[in-house]
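Respectively, the protein sequence lines represent chains A and B.
Per the working numbering, the very first residue in the first sequence carries number 1; after that it's consecutive.
Per the working numbering, the very first residue in the second sequence carries number 404; after that it's consecutive.
Notes follow the structure.
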Amino acid sequence: MKSQRYDRNEFIFNFCLVLSEEEDFSTYKSVVQKLADLLRGLEEQSGFLSRDHSRSGEGKLFPIYPAPPPVKAWQVPLFTVRYQKFMDENWDLTMQRIVPHINGVNSIRIISILADTDFSLTCRAIRHLLYYGCLFLLDIFSFSAIYAPTAQFSSTIASDEAMQQECARYVNTTFAPSTIPNTAPPLSPSRPDLSPMHTNPPRFDPHDVWPPISDPSPEDTESPAVVDGIGIVELYASLKQGQSLKQWYLQHSRELAYIDIRRFITFGIIKGFLYRVHKYAYATGLPAPVLKSTPTHTPLPGSTATTPHTRSSSRARTTVTPNTPSTASSVGDEAPISASRSRSVDSGSDEEGEEEVVDDRTLAKYLDGLHCFDQICTELEISEKELTERLKRFPGEVLILHR
Amino acid sequence: MSSIARPPDPCLVAIILIVRSRAGPRLVFHYPPNPLSENGLRPTMKGRRISRTRSGLNKGYDSDFTDASGTTSDEDEEENHQGGSGVSTAHRPSNFSLDDASSSPGGTDLQRPGRIHKKRGGNSDVEDESGVASDRQEGDVSGAELREPGESLLGLQMDVWEKFLSPSRAWHKRRFEVGINDLAFVGWPVFVREDGSWRKQRRKKKKASREWEGGELGHNEMEDDQDEAIEESAESHDMTDSKQTTSLDAGTAPSAPRDSDDKDAMTMFNVVFVLDPPLLEYPIRVREIYDNIIKKFTKALKWEQARTDYVWGESQHILHIKEIAREKRSSVNNLHAELISQSSLAKAIYTVYTSISASKIASVSLNKDVSISLQIPPLTSTPYVSGPSDKACPGLWLTTADSVTPADDPVADENSSPHQVLAKHFALLLLDNEATIRKDIEASGGALAPALGHYIRCSKPTKSFAQISATSGISLSTIQMLASHLVYWRRARAIPPLHQRDTYIVSPNCDLSKLEVATAAYQAAFPTLPSLPKMLSALSGTPRPYGSFIPTSNILQDQSITGDQEDCRDGSSEGRSRQVSGRARSTLIPSDRGKTDPRQKEQESVDDAASSSSSSLASQGSGDETPMPGGRDKESEMHMTHSILDKNISLRTTSLILMPHRASPIESRWLEEILARLSETLESDQQLGATPNSDGAAGDLEEAGLQASLKKYWPTFIKYFNGYDALEKIPVRESLKRRFVWQILNRLGAGQQPSSEVDRGESVLVSVRHW
Chain A
1 MKSQRYDRNE FIFNFCLVLS EEEDFSTYKS VVQKLADLLR GLEEQSGFLS
51 RDHSRSGEGK LFPIYPAPPP VKAWQVPLFT VRYQKFMDEN WDLTMQRIVP
101 HINGVNSIRI ISILADTDFS LTCRAIRHLL YYGCLFLLDI FSFSAIYAPT
151 AQFSSTIASD EAMQQECARY VNTTFAPSTI PNTAPPLSPS RPDLSPMHTN
201 PPRFDPHDVW PPISDPSPED TESPAVVDGI GIVELYASLK QGQSLKQWYL
251 QHSRELAYID IRRFITFGII KGFLYRVHKY AYATGLPAPV LKSTPTHTPL
301 PGSTATTPHT RSSSRARTTV TPNTPSTASS VGDEAPISAS RSRSVDSGSD
351 EEGEEEVVDD RTLAKYLDGL HCFDQICTEL EISEKELTER LKRFPGEVLI
401 LHR
Chain B
404 MSSIARPPDP CLVAIILIVR SRAGPRLVFH YPPNPLSENG LRPTMKGRRI
454 SRTRSGLNKG YDSDFTDASG TTSDEDEEEN HQGGSGVSTA HRPSNFSLDD
504 ASSSPGGTDL QRPGRIHKKR GGNSDVEDES GVASDRQEGD VSGAELREPG
554 ESLLGLQMDV WEKFLSPSRA WHKRRFEVGI NDLAFVGWPV FVREDGSWRK
604 QRRKKKKASR EWEGGELGHN EMEDDQDEAI EESAESHDMT DSKQTTSLDA
654 GTAPSAPRDS DDKDAMTMFN VVFVLDPPLL EYPIRVREIY DNIIKKFTKA
704 LKWEQARTDY VWGESQHILH IKEIAREKRS SVNNLHAELI SQSSLAKAIY
754 TVYTSISASK IASVSLNKDV SISLQIPPLT STPYVSGPSD KACPGLWLTT
804 ADSVTPADDP VADENSSPHQ VLAKHFALLL LDNEATIRKD IEASGGALAP
854 ALGHYIRCSK PTKSFAQISA TSGISLSTIQ MLASHLVYWR RARAIPPLHQ
904 RDTYIVSPNC DLSKLEVATA AYQAAFPTLP SLPKMLSALS GTPRPYGSFI
954 PTSNILQDQS ITGDQEDCRD GSSEGRSRQV SGRARSTLIP SDRGKTDPRQ
1004 KEQESVDDAA SSSSSSLASQ GSGDETPMPG GRDKESEMHM THSILDKNIS
1054 LRTTSLILMP HRASPIESRW LEEILARLSE TLESDQQLGA TPNSDGAAGD
1104 LEEAGLQASL KKYWPTFIKY FNGYDALEKI PVRESLKRRF VWQILNRLGA
1154 GQQPSSEVDR GESVLVSVRH W
């Protein structure tokens, strides 16, 4: 700082913080900057440093989090906190409008439509919430989706009885959370400073959390059968690649009778022991095989490949309710699902009338193996069933890859 | 282990060589000529920047269509956050981004290393700070071609750097690290000894050679501070090399000439690496490059300095060329090109810079006697699938095969670090074709070459190290040493042996953007197999044993497995050698056993019949028939239960014995009970002549044996039933026939097929197949 008032016309100061080597210094950078600014200001005003007064100031360290990656139109945000608790009228307008539509069911695109907000602003708002750990990103739930366990399975749900109970409370539809927060289950990794998590009040007797099994079938009615902790583990373990939720549901419908399937899956995703297996289409550039059973699939000799699954499962999306009597009947928060879904279905069926709403050129851009079905469906605004049908009419061989 | 797989990011901005002599410190050489400038010769950086920008644009929405300056996405994000603070909470350090915006854009920005920002940030702050920085900054950068050489670097005059980067003797062989804004300057300065020599005289043969044995072979992996065992075994080879060098050494009479015949002598040199690590990864990134590159490279220079006065000699040479260039007013880029072609030290720095910033292996040769290979060992695998909010690292090998599991001897957790001794049950998958690797090995010469060549010829990805050792006569420890060498130098990966009966899927982490390239490579390598996309598509269904995809005559089998091998390689390899990498990433299929099925958690769920938690044994009777259902309800009666741990849990529920090999007393009783019941069931099945298992084609006969086998192997198997050990491990580790093992396992309810009704009741294992 140059000034006549200093003996040598200049004053230099360097304010240092000494930290131990292991300390993460990143959070201190802002402190140092702030201090430097502050001291400079004070010095300019009153010669604070050069005259050696003492005063006190306050500072606070803010942790720095990694920037969240860009969000995608087909991702589905779910609150990990109750936004009502900290939202106020000072919030950004876009934020205020989108927040009510964040429910673990609506994709970001749908949210921006429902909230009537600009899409890119919506994405930004979502990223803010993500940055602060208020949100979790899920995939679009549908019965044609495939989920499978990850390597974390053993260390989480399988061995953690508390987690099994937590899961039971979260998915058991007999608790029919009439008011039902659409919040996620308590998130272990959520940021400490912001998790006024809901937890279902411990009003449940630990023995009663287990969802009953549907048919009071044969013999013993005396003790109603339940899906206990291990039952839950087994249900999760029976999810696998190549098997749509619908197929899985059909095999386990008795056990799933009082389980909210969407929440069941969400729970696994959030806890990290499940992952969504996405589908990708890849045009090989070769002509479509002619008389094969399916144009979209050319199973290897002797292999059954995936055709049947993809095919049959693609129906699920449009027919959710019939397939899931249990969820439909039970869950309070099922409403948004049907709402949003019917919306997308509507738009889809509109288009279905005219052939090839999506021309081959447009479609071809998505057939590079890099665009998952969720993305294609979201961007082309068609349902997965329509997409699958459409792919069959694509001139040229198209292979479906799952990963 | 961090839960996030970080893609390699060397964060290398520049390398600066500073030497100090009596005349004072000199900045001798730096590379690239114009660090952080757009037109610099920085392949990686550029790539990185471009890709970032592009990705921002692709997603239109988050990059808000700002001007095309190229800095858009970063700036955007910044605003983004700034806005966020206002909007959502007060948590955001508010002056953070403001400051950034005004004085050092991007400077403190979270973790986006906006290259360009940094440059600007650096400049502007420098101006603020010291006034040294010229106003010609911008001119410097853009008009680099015309600029006079040597004037300024990163916005500061050369003489400022010279002072700044030549520390006092206190930093001799210590980590020298200075941060300016967001750039870190890291070095390992070396000072001349009091007696004027560059290393201790005594024991110099041994000592000195060890110091940078880091790898004149180009394949020699060991680092001095690492892995004693392997180092021992590599010893012989080191010795050869050191002999070579030391004999030369003796002949050259190290430092004598320098001291006497030169009026000036060097007293210190410091190779400073300029880094721009993202704030959140700062410690990791700096540590990585310091340990693996900076120290080793400088040690090699020190060694050569001691031996032939190399650094000083080259420095003078470089300074001389620069002098001439200044007179001729040649451009910076020309000057650098000339330096690189004329000075081996300049060339070495250039090589380190270009290779390391591209995350490749740098093979540096200082002169004909001394060469060294350096790399930041890449992350080779991760057990975590990345979620939508994680940074993805596509193509990274997804596996838990190298995690330590309860069945491993807890004392010898051999796999804890990738380049430590590899467990004997692993196999080696080459990441390039065998011939290429053999050729490279031969070309590199080196003492390990013959052994490596021989081993590579014997090695098969389908055979474990132990098996290969048995058939080839190479000792297991040698195999492990050679294999880890190949793994460390990115030529191979250790995997659980491939087997046709194992299940493989397309890895969730597969990088499909490489599919096209990989398809071509695959086609070339396996012309008779279905195309790669078809294979992948076939592997996309419900997981099945690999063999079932290819109707196999035996002949084909071999091939198909090889194909698989290819897939595996692809999938995972992080891009090793580049050709491989092409294919490599693309497809990852390897989900193999390791992954796919793996961990079955075969936990035992014990069940028990009876009732009360502990008394249950007594009431066996009822239990019997619904015996062990690990599960389920149907047995509804009381039996299942046993919640051993929580007495209060109702008996109707089941529980797992998570650690069967360390079962509590109560759990042990359940285990006994289970075995007893299983035997009973088997017996009765036999009597009925019923083969419950559909798979028991050969079954009836074997059924009889099964009971005995079950009893016999129960104790052996049980330790794998912990949820962490893949069932596929059992046959490999216990040297049993796969088919046989699976018969028993199926019997226990761990079948791959959805178990039949009968099984259900008897199933005592919960099994899960994860990616």
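By construction, the Cβ of each residue, glycine as well, lies at the ideal position given by its N, Cα and C atoms.
Small disclaimer: the values here were computed from a predicted structure and weren't measured.
{"Check": "Buried or exposed by the 16-neighbour rule on C-beta atoms within 10 Å, applied to residue 679 of chain B", "Outcome": "buried"}
{"Check": "8 Å Cβ cutoff, residue 1169 of chain B in contact with chain A", "Outcome": "yes"}
{"Check": "Terminal residues of the alpha helix (DSSP H) in which residue 128 of chain A lies", "Outcome": "119 to 131"}
{"Check": "Check whether residue 832 of chain B and residue 780 of chain B have beta carbons under 8 Å apart", "Outcome": "no"}
{"Check": "Simplified DSSP state of residue 840 of chain B, which is helix, strand or coil", "Outcome": "helix"}
{"Check": "Start and end residues, alpha helix (DSSP H) containing residue 274 of chain A", "Outcome": "It is not in any alpha helix (DSSP H) - residue 274 of chain A instead sits in the beta strand (DSSP E) that spans 274 to 277."}
{"Check": "Assigned exposure category for residue 945 of chain B - 16 Cβ within 10 Å defines buried", "Outcome": "buried"}
{"Check": "Rounded separation between residue 548 of chain B and residue 731 of chain B - CA only", "Outcome": "Because the pLDDT of residue 548 of chain B is 39, which lies under 50, any placement of that residue in the model is unreliable, and the question is left without a value."}
{"Check": "Where the alpha helix (DSSP H) through residue 716 of chain B begins and ends", "Outcome": "713 to 731"}
{"Check": "Bridge-paired residues (DSSP) for residue 590 of chain B", "Outcome": "B:579"}
{"Check": "At least three beta-carbon pairs within less than 8 Å, the region 874 to 882 of chain B to the region 118 to 127 of chain A", "Outcome": "no"}
{"Check": "Boundaries (first-last residue) of the beta strand (DSSP E) holding residue 1150 of chain B", "Outcome": "Taken as a continuous stretch (DSSP letters only), residue 1150 of chain B belongs to no beta strand (DSSP E), being part of the alpha helix (DSSP H) at 1141 to 1150."}
{"Check": "Cutoff 8 Å: residue 150 of chain A Cβ touching any chain B Cβ", "Outcome": "yes"}
{"Check": "Residues from the region 359 to 384 of chain A in contact with chain B, defined by Cβ distance under 9 Å", "Outcome": "368, 369 and 370"}
{"Check": "Residue 372 of chain A - partner residues in DSSP beta bridges", "Outcome": "A:280"}
{"Check": "Beta-carbon proximity of residue 726 of chain B to residue 748 of chain B, cut-off 8 Å", "Outcome": "no"}
{"Check": "Nearest-angstrom Cα separation, counted from residue 416 of chain B out to residue 587 of chain B", "Outcome": "9 Å"}
{"Check": "Cβ distance (whole Å) where residue 278 of chain A is taken to contact residue 141 of chain A below 8 Å", "Outcome": "The Cβ separation is near 13 Å, so there is no contact."}
{"Check": "Cross-strand partners of residue 212 of chain A (DSSP beta bridge)", "Outcome": "A:226"}
{"Check": "Counterpart residues of residue 143 of chain A in DSSP-defined beta bridges", "Outcome": "Residue 143 of chain A is not bridged to any residue."}
{"Check": "Interface positions of the region 892 to 919 of chain B facing chain A (Cβ-Cβ less than 7 Å), listed along the chain", "Outcome": "908, 909, 910, 911, 913, 915, 916 and 918"}
{"Check": "Residue 438 of chain B and residue 736 of chain B closer than 8 Å at C-beta", "Outcome": "no"}
{"Check": "Residue of B:750, B:797 and B:564 minimising C-alpha distance to residue 774 of chain B", "Outcome": "B:750"}
{"Check": "Partner residues on chain A for residue 1174 of chain B, Cβ-Cβ distance less than 8 Å", "Outcome": "148, 149, 150, 151, 241 and 275"}
{"Check": "C-beta neighbour in chain B for residue 233 of chain A, strict 8 Å", "Outcome": "yes"}
{"Check": "Spatial distance of residue 769 of chain B from residue 27 of chain A (CA atoms)", "Outcome": "42 Å"}
{"Check": "Interface positions of the region 679 to 691 of chain B facing chain A (Cβ-Cβ less than 8 Å), listed along the chain", "Outcome": "682, 683, 685 and 686"}
{"Check": "Exposed unless 16 or more other CB atoms sit within 10 angstroms - verdict on residue 362 of chain A", "Outcome": "exposed"}
{"Check": "Residue 25 of chain A - DSSP class collapsed to helix/strand/coil", "Outcome": "coil"}
{"Check": "Segment contact flag, the region 1130 to 1149 of chain B with the region 155 to 175 of chain A, C-beta cutoff 8 Å, min 3 pairs", "Outcome": "no"}
{"Check": "Cross-chain neighbours of residue 788 of chain B in chain A, by beta carbon under 7 Å", "Outcome": "150 and 275"}
{"Check": "Range of the contiguous beta strand (DSSP E) that encloses residue 783 of chain B", "Outcome": "Here residue 783 of chain B belongs to no beta strand (DSSP E), and DSSP marks it neither H nor E."}
{"Check": "Cβ neighbour criterion (16 or more within 10 Å) applied to residue 667 of chain B", "Outcome": "exposed"}
{"Check": "Selected residue, minimal CA-CA separation from residue 359 of chain A, among A:380, A:126, A:144 and A:369", "Outcome": "A:380"}
{"Check": "Nearest neighbour of residue 265 of chain A, chosen from A:157, A:284 and A:213 [CA to CA]", "Outcome": "A:157"}
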